[in-house]
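K.L.:
I am attaching a structure below and will ask some questions about it afterwards.
Numbering (my numbering), first residue to last: 458 to 999.
Below, the structure written as structure tokens:
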């Protein structure tokens, strides 16, 4: 029986350990800022839905811009992207501090600042999460993701309470100032890190093509699609608790900013417990069972917060809610990371974040509106019903089992020598592959080729087709297009070790003496004879 990997194993890697510690400071400041912003809104606005919009204004940019950020993470130096994002957030935090100190903050201006901070988070998060795989080996990746979640929730357990003390003693401006200072350790740690990225001989993808590739990969990966869908439902329903917690503290239990901070701290302590339990639970329960427990547990916690007249039962419920929160979201994150190769991991994570935070943003707004019309207690009870429905959805859209795939590049492809002098942008390129398949193997061949089609399209091929020769029925031809020669090379370089099983099964079914024959062709348009002279251009300029 193999030795169990320690949950602290990623700390053996100095880069991860250093940046993880620095990230604690940044998370600590962000949570203090969140307490200051939420409580300031309760003092400058009497509108209930404006209070809920503080959380929505932070989550909305992540929904809107994460896909672009994911493309940047996969096509640019991730370390540089993170440094730019962290520096941007320092500038915004300093401006927010100054405006708050001078008494110039209005409700909409506060939302604008929190929105801009959300933009910085949206730019940073895909690069940060994708960089975890650059800091630790793949075997340590699940542990590293869990430690990141634990680190955030360690600060969540203390930061909000400290934030409540700071706001009560010195005002929201002081909380904003602490946040501005908290970014400097992570900036310093990132500047010291010198990652070694694998060399890329191909030109960088354009932003539009990179985004399309990410969308296509996720669309053709059913398991990732299930994770993203469940993440949206969880974010939408569970957002009610965090969005309405200031109102719970003020209206349902009659507390102030300190009570609010303690409640957030309870949520964070519960989340730490959930992170510690996560690996152990995966040994005994399926991924889907854990997610259903998380949905149901959060539903019960939300209902208790709705009906409890005092802080202690609410804090106990928030402990359970925090554990359920981290159990679900860390499991979603790990599943996406371990189901995605490095070339597209930033975009896959960004899509997961877009839908999850989109659910949080939409839910925060909806529950805020409902709280304004019917009260925070009614909104929390309604969210509990949605959470129970989210657990039931797993009967149809169950999460895939937690497993590690070898998604490293296969590196079997060698760019062929061509008789024509093509430029990288030459195209369209048409590929045709001939197979010889015995009649008794046709059913299995068709089954394998269905999977082959999904992988081809997922990795960038278009116009995929499978044809059978009418005169020689044992001959089958697979064909697909790529827009340019460089995209054909990129398509083949994306093949992973996990994909190799499909190709190996096809080769075993092939009855020819040699390997299946590959035809690589460039598509050309015909012209009428009298236009030949006018249209003479080198083949490589097409």
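All C-beta atoms in this analysis are idealised placements derived from N, C-alpha and C, irrespective of residue type, glycine included.
Only a predicted model underlies this, so the values are computations on that prediction, with no experimental measurement involved.
Assign residue 538 to one of two classes, buried (16 or more other C-beta atoms within 10 Å of its C-beta) or exposed (fewer than that).
P.N.:
Indexing the chain shown from 1 puts residue 538 at position 81. Result: buried.
K.L.:
Counting C-beta neighbours from all protein chains within 10 Å, is the total for residue 824 16 or more, i.e. buried, or is it exposed?
P.N.:
Stepping through the chain shown from its first residue, residue 824 is reached at position 367. With 16 or more other Cβ atoms within 10 Å, it is buried.
K.L.:
Answer yes if the segment 594 to 606 comes into contact with the segment 541 to 557, meaning at least three C-beta pairs across the two stretches below 8 angstroms, and no otherwise.
P.N.:
Touching, no, given that fewer than three Cβ pairs across the two stretches are closer than 8 angstroms.
K.L.:
Only counting runs of 4 or more residues, tell me where the alpha helix (DSSP H) segments fall wholly within the segment 515 to 559, in order along the chain.
P.N.:
The qualifying runs are 535 to 558.
K.L.:
I'd like the list of long-range same chain contacts for residue 564, defined as Cβ closer than 8 angstroms, with 5 residues on each side in sequence excluded.
P.N.:
Translated into positions along the chain shown, residue 564 becomes position 107. 498, 501, 502, 504 and 507.
K.L.:
Give me, in chain order, the residues of the same chain whose beta-carbon lies closer than 6 angstroms to that of residue 520; leave out the 5 immediate sequence neighbours on both sides.
P.N.:
For this step, residue 520 is matched to residue 63 along the chain shown. Closer than 6 angstroms at Cβ, skipping near neighbours: 811, 814, 815 and 818.
K.L.:
Quick check on the DSSP output: what are the complete alpha helix (DSSP H) runs of length 4 or more inside the segment 671 to 736, in order along the chain?
P.N.:
The qualifying runs are 679 to 704.
K.L.:
So, at 7 angstroms on beta carbons, what are the nonlocal neighbours of residue 604 in its own chain, with the 5 sequence-adjacent residues on each side left out?
P.N.:
Your numbering for residue 604 matches position 147 in the chain shown. Closer than 7 angstroms at Cβ, skipping near neighbours: 467 and 477.
K.L.:
What whole-angstrom Cβ distance do residue 917 and residue 670 have, given they're in contact under 8 angstroms?
P.N.:
The residue given as residue 917 occupies position 460 in the chain shown. The residue given as residue 670 occupies position 213 in the chain shown. Their Cβ separation, rounded to whole angstroms, is 6 angstroms, which keeps residue 917 and residue 670 in contact under 8 angstroms.
K.L.:
Are the CB atoms of residue 734 and residue 780 nearer to each other than 8 angstroms?
P.N.:
Counted from its first residue, the chain shown places residue 734 at position 277. Counted from its first residue, the chain shown places residue 780 at position 323. Cβ distance < 8 angstroms, so residue 734 and residue 780 count as in contact.
K.L.:
Ignoring anything shorter than 4 residues or poking outside the segment 798 to 831, list the alpha helix (DSSP H) runs there in chain order.
P.N.:
List check, alpha helix (DSSP H) in window: 802 to 831.
K.L.:
Rounded to the nearest angstrom, what separates residue 632 and residue 570 at their Cα positions?
P.N.:
As a first step, residue 632 is located in the chain shown; it is residue number 175 there, counting from the start. As a first step, residue 570 is located in the chain shown; it is residue number 113 there, counting from the start. Between residue 632 and residue 570, the C-alpha separation is close to 14 angstroms.
K.L.:
Just to check my reading of the structure: residue 618 and residue 722 have Cβ atoms closer than 8 angstroms, yes? What is that Cβ distance to the nearest angstrom?
P.N.:
As a first step, residue 618 must be located in the chain shown, where it is residue number 161. As a first step, residue 722 must be located in the chain shown, where it is residue number 265. About 4 angstroms separates the two Cβ atoms, so the contact holds.
K.L.:
Where does residue 470 fall in DSSP's three states?
P.N.:
Residue 470 sits at position 13 when you count from the first residue of the chain shown. It is coil, neither helix nor strand.
K.L.:
In this structure, how does DSSP classify residue 921 when only helix, strand and coil are distinguished?
P.N.:
As a working note, residue 921 is residue 464 in the chain shown. In this structure, residue 921 counts as strand in the three-state DSSP scheme.
K.L.:
Go to residue 888, then tell me how far its beta strand (DSSP E) extends in each direction, as first and last residue.
P.N.:
The sequence position of residue 888 within the chain shown is 431, counting from 1. Run containing residue 888: 886 to 893, per the beta strand (DSSP E) assignment.
K.L.:
Hey, would you say residue 872 sits closer than 8 angstroms to residue 946, going by beta carbons?
P.N.:
Position 415 of the chain shown, counting from 1, holds the residue named residue 872. Position 489 of the chain shown, counting from 1, holds the residue named residue 946. Yes, Cβ-Cβ distance for residue 872 and residue 946 is below 8 angstroms.
K.L.:
Please list, in chain order, all residues of the same chain as residue 626 whose beta carbon is under 8 angstroms from its beta carbon, the five residues on each side excluded.
P.N.:
The residue given as residue 626 occupies position 169 in the chain shown. Counting only Cβ-Cβ distances below 8 angstroms, and skipping sequence neighbours, we find nothing.
K.L.:
Rounded to the nearest angstrom, what separates residue 803 and residue 704 at their Cα positions?
P.N.:
As a working note, residue 803 is residue 346 in the chain shown. As a working note, residue 704 is residue 247 in the chain shown. Cα-Cα distance, rounded: 36 angstroms.
K.L.:
For a test of the three-state rule: what should DSSP assign to residue 503, helix, strand or coil?
P.N.:
Within the chain shown, the letter at position 46 stands for residue 503. Coil at residue 503, not helix or strand.
K.L.:
Using alpha carbons as the reference points, say which of 906, 936, 854 and 920 lies closest to residue 682.
P.N.:
For the purposes of this step, residue 682 is taken as residue 225 along the chain shown, with counting starting at 1. Measuring from the Cα of residue 682, the nearest candidate turns out to be 854.
K.L.:
With DSSP collapsed to three states, give me the class of residue 974.
P.N.:
By one-based count along the chain shown, residue 974 stands at place 517. Three-state DSSP puts residue 974 in a strand.
K.L.:
For the alpha helix (DSSP H) that residue 565 lies in, which residues bound it at each end?
P.N.:
Working through the chain shown from its first residue, we reach residue 565 at position 108. It spans 564 to 592 - the alpha helix (DSSP H) in which residue 565 sits, taken as one unbroken run.
K.L.:
When you compare the CB positions of residue 768 and residue 716, do they come within less than 8 angstroms of one another, or not?
P.N.:
As a working mapping, residue 768 is identified with position 311 in the chain shown. As a working mapping, residue 716 is identified with position 259 in the chain shown. In contact: residue 768 and residue 716 (Cβ atoms closer than 8 angstroms).
K.L.:
Spatial neighbours of residue 996 within its chain, please: CB distance less than 6 angstroms, with the 5 preceding and 5 following residues excluded, ordered by chain position.
P.N.:
Start at 1 with the first residue of the chain shown, and residue 996 comes out as number 539. With a pLDDT of 43 at residue 996, under the threshold of 50, the predicted position of this residue should be treated as unreliable, though the coordinate-derived value follows. 877, listed in sequence order.
K.L.:
Please go through the segment 827 to 883 and give each complete alpha helix (DSSP H) segment of 4 or more residues, from N-terminal end onward.
P.N.:
The segment 827 to 883 contains these whole alpha helix (DSSP H) runs: 833 to 850.
K.L.:
Around the C-beta of residue 764, are 16 or more other C-beta atoms found within 10 angstroms, so that it is buried, or is it exposed?
P.N.:
For the purposes of this step, residue 764 is identified with residue 307 of the chain shown, where counting begins at 1. It counts as exposed.
K.L.:
Between which two residues does the beta strand (DSSP E) harbouring residue 945 extend?
P.N.:
For the purposes of this step, residue 945 is identified with residue 488 of the chain shown, where counting begins at 1. Run containing residue 945: none in the beta strand (DSSP E); it sits in the alpha helix (DSSP H), 942 to 950.
K.L.:
Helix, strand or coil: how does DSSP classify residue 669 here?
P.N.:
Walking along the chain shown from the start, residue 669 turns up at place 212. If DSSP states are grouped into helix, strand and coil, residue 669 belongs with the helices.
K.L.:
Name the residue from 616, 828 and 649 whose alpha carbon lies nearest to the alpha carbon of residue 474.
P.N.:
Taking the first residue of the chain shown as position 1, residue 474 is located at position 17. Among 616, 828 and 649, the Cα nearest to that of residue 474 is on 649.
K.L.:
In chain order, what residues of the same chain lie with their CB nearer than 6 angstroms to the CB of residue 844, ignoring the 5 residues before and after it?
P.N.:
Here residue 844 corresponds to residue number 387 of the chain shown, with the count starting at 1. 694, 752, 755 and 756.
K.L.:
How should residue 699 be labelled, buried or exposed, when 16 other C-beta atoms within 10 angstroms of its C-beta is the threshold for buried?
P.N.:
For the purposes of this step, residue 699 is taken as the residue at position 242 of the chain shown. With 16 or more other Cβ atoms within 10 Å, it is buried.
K.L.:
Mind checking who residue 937 pairs with in its DSSP beta bridge?
P.N.:
Taking the chain shown and counting its residues from 1, one reaches residue 937 at position 480. Answer by DSSP bridge pairing, in chain order: 888.
K.L.:
Would you tell me roughly how many angstroms separate the C-alpha atoms of residue 517 and residue 526, rounded to the nearest one?
P.N.:
By one-based count along the chain shown, residue 517 stands at place 60. By one-based count along the chain shown, residue 526 stands at place 69. The alpha-carbon atoms of residue 517 and residue 526 are separated by roughly 14 angstroms.
K.L.:
Should residue 403 be labelled buried (16 or more other beta-carbon atoms within 10 Å of its own) or exposed?
P.N.:
Beyond the ends of the chain as shown, which are 458 and 999, falls residue 403; an answer cannot be given.
K.L.:
Under a three-way DSSP split, which group does residue 771 fall into?
P.N.:
Translated into the one-based positions of the chain shown, residue 771 becomes position 314. DSSP places residue 771 in helix when its eight states are reduced to three.
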